[in-house]
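Comments concern the structure below.
Number of protein chains: 4
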Amino acid sequence: RTQSHAAAAARLDLSGIYPPIATPFTAKEDVDYQKLEENLHKYAKIPFKGQTTRATVQLTEKMAAAGADAVLVVTPCYYKGKMDSRALIQHYTKVADSSPVPVVLYSVPANTGLDLPLDAVLQLSQHPNILGIKDSAGDISRIGLIVHKTKTQEFQVLAGSAGFLMAAYCVGAVGGVCALANVLGPQLCELERLCLSGRWEEARVLQQRLIEPNAAVTRNLGVPALKQAMEWFGFHGGACRSPLQPLTEAEAQRLRRDFSSNGWL
Amino acid sequence: RTQSHAAAAARLDLSGIYPPIATPFTAKEDVDYQKLEENLHKYAKIPFKGQTTRATVQLTEKMAAAGADAVLVVTPCYYKGKMDSRALIQHYTKVADSSPVPVVLYSVPANTGLDLPLDAVLQLSQHPNILGIKDSAGDISRIGLIVHKTKTQEFQVLAGSAGFLMAAYCVGAVGGVCALANVLGPQLCELERLCLSGRWEEARVLQQRLIEPNAAVTRNLGVPALKQAMEWFGFHGGACRSPLQPLTEAEAQRLRRDFSSNGWL
Amino acid sequence: RTQSHAAAAARLDLSGIYPPIATPFTAKEDVDYQKLEENLHKYAKIPFKGQTTRATVQLTEKMAAAGADAVLVVTPCYYKGKMDSRALIQHYTKVADSSPVPVVLYSVPANTGLDLPLDAVLQLSQHPNILGIKDSAGDISRIGLIVHKTKTQEFQVLAGSAGFLMAAYCVGAVGGVCALANVLGPQLCELERLCLSGRWEEARVLQQRLIEPNAAVTRNLGVPALKQAMEWFGFHGGACRSPLQPLTEAEAQRLRRDFSSNGWL
Amino acid sequence: RTQSHAAAAARLDLSGIYPPIATPFTAKEDVDYQKLEENLHKYAKIPFKGQTTRATVQLTEKMAAAGADAVLVVTPCYYKGKMDSRALIQHYTKVADSSPVPVVLYSVPANTGLDLPLDAVLQLSQHPNILGIKDSAGDISRIGLIVHKTKTQEFQVLAGSAGFLMAAYCVGAVGGVCALANVLGPQLCELERLCLSGRWEEARVLQQRLIEPNAAVTRNLGVPALKQAMEWFGFHGGACRSPLQPLTEAEAQRLRRDFSSNGWL
Chain A
19 RTQSHAAAAA RLDLSGIYPP IATPFTAKED VDYQKLEENL HKYAKIPFKG QTTRATVQLT
79 EKMAAAGADA VLVVTPCYYK GKMDSRALIQ HYTKVADSSP VPVVLYSVPA NTGLDLPLDA
139 VLQLSQHPNI LGIKDSAGDI SRIGLIVHKT KTQEFQVLAG SAGFLMAAYC VGAVGGVCAL
199 ANVLGPQLCE LERLCLSGRW EEARVLQQRL IEPNAAVTRN LGVPALKQAM EWFGFHGGAC
259 RSPLQPLTEA EAQRLRRDFS SNGWL
Chain B
19 RTQSHAAAAA RLDLSGIYPP IATPFTAKED VDYQKLEENL HKYAKIPFKG QTTRATVQLT
79 EKMAAAGADA VLVVTPCYYK GKMDSRALIQ HYTKVADSSP VPVVLYSVPA NTGLDLPLDA
139 VLQLSQHPNI LGIKDSAGDI SRIGLIVHKT KTQEFQVLAG SAGFLMAAYC VGAVGGVCAL
199 ANVLGPQLCE LERLCLSGRW EEARVLQQRL IEPNAAVTRN LGVPALKQAM EWFGFHGGAC
259 RSPLQPLTEA EAQRLRRDFS SNGWL
Chain C
19 RTQSHAAAAA RLDLSGIYPP IATPFTAKED VDYQKLEENL HKYAKIPFKG QTTRATVQLT
79 EKMAAAGADA VLVVTPCYYK GKMDSRALIQ HYTKVADSSP VPVVLYSVPA NTGLDLPLDA
139 VLQLSQHPNI LGIKDSAGDI SRIGLIVHKT KTQEFQVLAG SAGFLMAAYC VGAVGGVCAL
199 ANVLGPQLCE LERLCLSGRW EEARVLQQRL IEPNAAVTRN LGVPALKQAM EWFGFHGGAC
259 RSPLQPLTEA EAQRLRRDFS SNGWL
Chain D
19 RTQSHAAAAA RLDLSGIYPP IATPFTAKED VDYQKLEENL HKYAKIPFKG QTTRATVQLT
79 EKMAAAGADA VLVVTPCYYK GKMDSRALIQ HYTKVADSSP VPVVLYSVPA NTGLDLPLDA
139 VLQLSQHPNI LGIKDSAGDI SRIGLIVHKT KTQEFQVLAG SAGFLMAAYC VGAVGGVCAL
199 ANVLGPQLCE LERLCLSGRW EEARVLQQRL IEPNAAVTRN LGVPALKQAM EWFGFHGGAC
259 RSPLQPLTEA EAQRLRRDFS SNGWL
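Chains as they are written, first to last, in the numbering used here: chain A, 19 to 283; chain B, 19 to 283; chain C, 19 to 283; chain D, 19 to 283.
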């Protein structure tokens, strides 16, 4: 099994920009598959490198059977007081042992209240079926240190937000899984290209214009704003499902300003 | 509908002590229904007043059809940055509007990272199908204030932990949903009786002996400790499901000491 | 020295209600000693039991020389990441060893970001020159446990806020150091009397009417609100020193409502 | 006054690497001026650009009279619940209005529990006597955004820690005030040179080797570790003052390993 894992892991290159796909819903809050498909056709014209999904342990086999190249597994967090390194290492090890496709760790403290501890990341980086990590915490020292301490294992680090994408490339990340890629996908791919070709001055100018739009669709206004912005840029965003609330008029104006003041609208 | 809700709500008295039932698992991590049934027979001999379950919105109808008298609905929390009063009021209002049985709010920041805001509690307390709240945060000023501000609505406040049960009765709560009731159920019912009959000196002595065992099976060592202690007291606790880890030997000794030093073992 | 400490500690009974005195300033932000004195004359007619001050280690001798009966020593907190039990035990032990008057521990996480750990409290409770603790965190389980674990040492626990004063008495505290006592001192002393004489029903009604005014002058609007409310009740509150800001008109109205809706104005 | 402020501000270029000077103490915990002077002689041979000190408002005139080129003013934080943008803007405006030398803002949430809000930073950046900010929070998106939003004001941003120094340069910072500069000053100045000359690949290798030593002398082991490491590198570190505790033997070994495993010892 280890051998096939290693082969699977070797097969998959995570570098590049990934949008965590926003899901369009119908008026009845069912998934709107037709609009989702139209979005995917549009995304297909942007040089993204793949697609991920967050999954619970039980979903990995289904995801693999459905054609997933890899699974993105968020930290379990309800009993967060008990989620120490020991528990998290065992959890991810079990998932990676049984998953037919490679596993990517996912640490997103803003949502889970839990940061995957560094020692757990380093130990899990040695598992043959664990490819890398999506780190949304944004602690750039930690991201640099993960790159540094795993450099002999080809462990791949992905920035979890467009707000620190350039800095993450700067310290050795290979890409990003960025909500903003649902809206400004081509721009993020351009930022990637500038970083990879060492054109840091141009990268800085572009990066700076992306911070406010990114903050708007993530920590400030969240998924409702992401979906609204998608509409402005020709994608189907649609409504959110409750308990997420639609934007107020004031919030929508603020969102528009965060894009327009940076020259995107 | 409002009328039937009001009737349903009127029907149900939440006062008393409730154990959030621990679920025994088989070696394969399936629910062990036989052992669960045996536990329930034992619990039936303790003067508990009912049974609750945390549920997502979609589960309330199933729960009602299965015979639940009420549903305990935890705050949604994954996108916690967006879970403001507006979103939470709308969420609970929708659930309560559609639930065939009364709804009890459930705020447990230690697990969810989110405290149901006071203004949301006060507004929701006016819904005819919302009976009360299980408050596990343990902010006794807040609990007293909720009682004070809802006194004309017969809104029922339940302490979410045995550690502050006596203090909660003291400021006007009507009962508790306490993990410790899975282990020391008779003692918690005795504490209730002492509080309700105004024997506060005796209540204090008993309450003080319950704080350490309670902390051990909740915030300190959690569900694995609860299940271990259940075994010591003649219930089926059994194993936890991953990622919760079994107690280490040192933790088990510490757990035992927290019960024995208070005279329970 | 231990003997004289023990004698000193034995001499002082901390039970009762204490106002942490608000300091009036002149227009130039100097201390207004005349108005302070007038306040003290008014306070003298309320059955408070004493007066404390928070002090750094270096101030204790000055305070004793100036006539202080005891010193209230807040946890050091700037390097809070390093303030573990070891450091805090050593800190307070040094202070208590050298202080001519008894020491009262003071834990106020809302201001310091640091809770004095339980094990440190328990160890320090054995020092002959440490009399008790002012606990402003409001974790009533913890307060009950401190009382329980120190009952053989006559260690005295004081509630750090009027919001949980009754609950604190209920679990064994001997008094409170309450900002609200600068405004509603007689009412807090009445609450004390009701608790100590076992008239818990009346105590509950009074306690509930104090929670909102207390929250207003502490965590919600803070010292500027405390000083404004003092003016309304015949004391000299006066201005705050920068960077604390005066209340806005809307805040002043909200403050008034928190007192008037509970029947105090 | 504004004119002289503008002139003063124009005079001072903050770019470069600054050590927040560690203070050696004698056995009696007095400042050891002789050893401090020896350290300063050694520091003088490293291409640092200046020297700063954190100061309260009342100290700025003394600091200027004593020859300070600028003052670094930490956010006030004891009543942190009241330290909103309004209060902080007024505080810093008053300080900057009266300070004879330029002011640098200082936000260090790990110590103060308070982050200077972005809107306050942006408004204060327009004050003629406020030169820049030392940002120790390490949120690289925020640092990039501050640079972006203040680019027309020549507001200078300094990284508050060596762990994210390269990333900060990458997004537009002009330097750093880094505890690690007390120990590995030449290396930090080399990192600066690599960043400023666009040699990012070499910079990355060097930056990665600095993250663990930096974490050791800041958030992990703090000032006691900084002083111990200074001794190893030929400076006088000496003891800390209580309540900071000396390193345990295990901590000293861990500290040494963090330097040696990165090739510095």
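We put the CB at the ideal spot given by N, CA and C, even for glycine. Computed from a predicted structure; not experimentally measured.
message = Pop quiz: F277 of chain B and P242 of chain B are said to be a contact at Cβ under 8 Å. What is the actual Cβ separation, rounded to whole angstroms?
response = F277 of chain B to P242 of chain B, Cβ: 15 Å. No contact.
Open item on the list: Distance cutoff 7 Å, beta carbons only. Does P261 of chain B sit that close to anything in chain A?
Closed with: With 7 Å as the cut-off, P261 of chain B counts as an interface residue toward chain A.
- Among C:G190, C:L176, C:G178 and C:A180, the one whose alpha carbon lies nearest that of F182 of chain B: Looking at the Cα atoms, C:G190 is the closest of the given residues.
I'd like to know whether the C-beta of S154 of chain A is nearer than 7 Å to at least one C-beta of chain D.
No, its Cβ sits nowhere closer than 7 Å to a Cβ of chain D.
Backbone CA spacing between T71 of chain C and P261 of chain A [nearest angstrom]: Below a pLDDT of 50, predicted positions are generally treated as unreliable, and T71 of chain C, at 28, falls in that range; the measurement from the model is reported next regardless. Cα to Cα, T71 of chain C sits roughly 48 Å from P261 of chain A.
Jot down the residue ranges of each uninterrupted beta strand (DSSP E) in the stretch 196-282 of chain A, minimum 3 residues, whole runs only, in chain order. DSSP runs (the beta strand (DSSP E)) wholly in the stretch 196-282 of chain A: none.
Along chain A, which residues have their Cβ under 9 Å away from the Cβ of Q108 of chain B?
Per Cβ cutoff of 9 Å: S260, P261 and Q263.
message = Quick check: the stretch 173-187 of chain A against the stretch 150-165 of chain A, are at least 3 beta-carbon pairs closer than 8 Å?
response = Three or more beta-carbon pairs drawn from the stretch 150-165 of chain A and the stretch 173-187 of chain A are found closer than 8 Å, and the two stretches are therefore classed as touching.
Thinking C-alpha only, which one of B:A233, B:G193, B:L163 and B:S143 is nearest F99 of chain A?
Strictly speaking, residue 99 of chain A in this sequence is Gly, with Phe absent from that position. Nearest option by C-alpha distance: B:A233.
Worksheet item: Mind checking K245 of chain A: buried by the 16 CB within 10 Å criterion, or exposed?
Response: Answer is buried; the Cβ neighbour count reaches 16.
For G178 of chain D and S154 of chain D, which I take to be in contact (beta-carbon distance under 8 Å), what is that distance rounded to the nearest angstrom? Right, their Cβ atoms sit about 3 Å apart.
Would you please verify whether the beta carbon of G181 of chain C is less than 7 Å from any beta carbon of chain B? Interface residue, yes.
| message | Rounding to the nearest angstrom, what Cα-Cα distance links M101 of chain C and L106 of chain D in this structure? | response | Roughly 27 Å separates the two Cα atoms.
Report the partner residues of F43 of chain D according to the DSSP bridge assignment.
According to DSSP, which records beta bridges pairwise, F43 of chain D is partnered with D:V49.
- prompt: Are the C-beta of S159 of chain C and some C-beta of chain B separated by less than 7 Å?
  reply: S159 of chain C counts as touching chain B.
Test: V139 of chain A CB closer than 7 Å to a CB of chain D:
When Cβ-Cβ separations below 7 Å define contact, V139 of chain A makes no contact with chain D.
Beta-carbon of Q226 of chain C versus every beta-carbon of chain B: anything under 7 Å? Interface residue, yes.
- Query: Listing by chain order, which chain G residues have their CB less than 9 Å from the CB of K46 of chain C?
  - Reply: Reference to chain G is not applicable here, since the protein chains of this structure are A, B, C and D.
Can you give me the Cβ contacts of L273 of chain D inside the same chain, cut-off strictly under 7 Å, excluding the 5 residues immediately before and after it? Closer than 7 Å at Cβ, skipping near neighbours: A234, L239, A243, Q246, A247 and L265.
Q.
Once DSSP output is grouped into helix, strand and coil, what is the label at L134 of chain A?
A. Reduced to three states, the DSSP call for L134 of chain A is coil.
Do you know whose CA, among C:Q141, C:Y97 and C:G252, lies nearest P127 of chain D's CA?
Of C:Q141, C:Y97 and C:G252, the smallest CA-CA separation from P127 of chain D is found for C:Y97.
Worksheet entry | Three-state secondary structure assigned by DSSP to Q171 of chain A | Three-state result, Q171 of chain A: coil.
Name the two residues that bound the continuous alpha helix (DSSP H) containing S125 of chain A.
Looking at the DSSP string, S125 of chain A is not in any alpha helix (DSSP H); the run it does join, the beta strand (DSSP E), is V121 to S125.
Is V192 of chain B helix, strand or coil when you go by DSSP? Looking at V192 of chain B - three-state DSSP - the assignment turns out to be coil, as it is neither helix nor strand.
Using three-state DSSP, classify D87 of chain D as helix, strand or coil. In the structure shown, D87 of chain D sits in coil (DSSP, three-state: anything other than H, G, I, E or B).
Legend entry - Cβ shell of V201 of chain A (< 6 Å), same chain only, five flanking positions each side left out: Apart from sequence neighbours up to five positions away, the residues of its chain that approach V201 of chain A with a beta-carbon distance below 6 Å are A247, M248 and F251, ordered along the chain.
Under 8 Å Cβ-Cβ, which residues of chain C neighbour C188 of chain B?
By Cβ distance, chain C contributes M184, A185, C188, W218 and R222.
State buried or exposed for R217 of chain D, treating a residue as buried only when at least 16 other CB atoms are found within 10 Å of its CB. Exposed, because fewer than 16 other Cβ atoms sit within 10 Å of the Cβ of R217 of chain D.
Item checked: Residues of its chain near E208 of chain B, where Cβ-Cβ distance is below 8 Å and the 5 sequence neighbours each way are ignored -> The answer, listed in chain order, is L224.
Counting only beta-carbon atoms, is H145 of chain D nearer than 7 Å to chain A?
At a cut-off of 7 Å between beta carbons, H145 of chain D makes no contact with chain A.
Since I believe K169 of chain B is in contact with L140 of chain B (beta carbons under 8 Å), could you give me their beta-carbon distance rounded to a whole number of angstroms? Between L140 of chain B and K169 of chain B a beta carbon distance of about 11 Å is seen, past the 8 Å cut, so the two are scored as non-contacting.
- Message: Could you give the first and the last residue of the continuous beta strand (DSSP E) run that contains D153 of chain A?
- Response: If you look at D153 of chain A, you'll find it in the beta strand (DSSP E) that goes I148 to D153.
Checklist entry - Any beta-carbon of chain C closer than 7 Å to the one on K67 of chain D? => result With a pLDDT of 41 at K67 of chain D, under the threshold of 50, the modelled position of this residue cannot be trusted; read the value that follows with caution. For K67 of chain D, the answer is no, since every Cβ of chain C falls outside 7 Å of its Cβ.
**Item:** Contacting positions in the stretch 232-248 of chain A - beta carbon closer than 7 Å to chain B
**Value:** Across the stretch 232-248 of chain A, CB contacts with chain B closer than 7 Å involve R237, G240 and V241, in sequence order along the chain.
Compare the Cα-Cα distances from T44 of chain B to each of B:L212, B:F253 and B:C258 and report the closest residue.
Proximity to T44 of chain B across B:L212, B:F253 and B:C258 peaks at B:C258, based on C-alpha coordinates.
Notebook entry, point to check: Rounded to whole angstroms, how far is the Cβ of L198 of chain C from the Cβ of L228 of chain C, which I believe are closer than 8 Å?
Noted result: 7 Å between Cβ atoms; contact.
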